[in-house]
Amino acid sequence: MQTDKSEKRSSSLTSTSARIADAVSRRIVRRHYQVGQRLVEAELVREFGVSRSTVREALKMLASSGVVELSHNRGALVQSLSAQDAQDLLQVLEMLSGLAARLAAGNIGRGNNRTRFEAVARPLTDVGEADELDRVLGQRANYYQVMFDIANNKELDRAMPLPRVHLFRTQFYSLLTKSDVRAMIAEYRAINEAILSGDEAKAETQMRRHIRNTADRTLPHFQSR
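So the sequence shown is numbered by full-length UniProt numbering: it starts at 1 and just counts up by one.
What follows is the structure, encoded as structure tokens:
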């Protein structure tokens with residue numbers, strides 16, 4: 001009985017810590033926390049109304065996923081990606097996102113998948129002025145979530161390094177120009193057309209091209225730092 005109670009407490013701690021880790025990750029996406037910023041344990045304890053051990057477990061989770069760096073001297077810092085980190089990540093994203101687009105195109109005619117995808121695709125490409133970067137990035141999160149849902153491959157979901165993706169977007173997407181955003185929107189239109197037409201090969205090609213273009217737009221910023 002004592003063992004059962006201990007296991008339940010451990011499970012509850014892990015669940016709460018995971019929720020806090022997810023909340024912190026989302027705040028990084030929204031640039032509430034900046035790259036290199038120190039995450040103060042006491043502030044997180046007060047803000048989330050949990051114990052210090054729960055916060056520490058959440059920070060360990062974020063560290064294991066490469067989102068924060070834990071240091072004995074400085075505590076937890078929002079991780080900063082190097083040029084090599086970014087290049088490695090984009091190589092993986094090209095393959096995984098391309099596969100997701102291919103699978104989504106193949107599944108687009110099932111159930112209400114078409115309606116679901118159109119609901120997130122339209123706002124992404126109808127954002128209006130090209131300087132609405134925050135709106136574009138906000139729509140992107142919904143877009144990729146639905147696309148991966150429609151792809152319907154659990155192993156693909158497990159392989160996708162979402163925390164690092166969020167960190168990448170936060171670190172350098174704010175440096176994109178109006179021209180960059182216009183190009184991104186045009187690329188998404190091409191991806192959407194391929195997925196909605198059920199063209200698996202074209203959907204993968206267009207998505208992989210978009211990721212390569214993303215590398216061209218962002219890697220110079222990493223290399224210049």
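We put the CB at the ideal spot given by N, CA and C, even for glycine. Here the structure is a predicted model, which means the values were calculated and not measured.
Three-state secondary structure (DSSP) at residue i?
i: D131; result: Since pLDDT at D131 reaches only 48, below the 50 mark, its modelled position is unreliable, and the value read off the structure follows with that caveat. If DSSP states are grouped into helix, strand and coil, D131 belongs with coil.
i: L176; result: coil
i: R38; result: strand
i: S31; result: A quick correction: the sequence has Arg, not Ser, at residue 31. Coil at R31, not helix or strand.
For residue i, report the span of its beta strand (DSSP E) as first-last.
i: V50; result: Note, V50: premise wrong, no beta strand (DSSP E); not H, not E.
Could you please give the first and the last residue of the uninterrupted alpha helix (DSSP H) stretch that includes residue i?
i: G75; result: No alpha helix (DSSP H) contains G75, which is instead part of the beta strand (DSSP E) from G75 to V78.
i: L70; result: Segment V68 to S71 is the beta strand (DSSP E) holding L70; no alpha helix (DSSP H) there.
i: S97; result: A83 to N107
i: V120; result: N113 to T125
i: D199; result: Run containing D199: none; DSSP gives neither H nor E here.
i: R158; result: K154 to A159
Check the Cβ-Cβ distances between residue i and every residue of chain B, and say whether any is below 7 Å.
i: V50; result: Of the protein chains in the structure, only one exists, and it is not chain B.
Let me make sure I understand the geometry here. Which of the options has the alpha-carbon closest to that of residue i?
i: E118; options: V146, S97 and A101; result: V146
i: L81; options: E94, L93, V67 and V92; result: V67
i: V120; options: V136, Y143 and E43; result: Y143
i: R182; options: F168, E204, N213 and K154; result: N213
Can you have a look at residue i and say buried or exposed, based on whether 16 or more other CB atoms are within 10 angstroms of its CB?
i: T177; result: exposed
i: V29; result: buried
i: Q171; result: buried
i: Q34; result: exposed
i: H166; result: buried
Does the segment 96-114 come into contact with the segment 185-205, if we say contact requires no fewer than three beta-carbon pairs (one atom in each stretch) closer than 8 Å? yes
Closer than 8 Å is the cut-off here; do at least three beta carbon pairs connect the segment 144-160 with the segment 85-104? yes
For the segment 83-90 against the segment 175-192, do three or more pairs of beta-carbon atoms, one drawn from each stretch, fall closer than 8 Å, so that the two count as touching? Segment contact: the segment 83-90 against the segment 175-192, fewer than three CB-CB distances shorter than 8 Å; contact not assigned.
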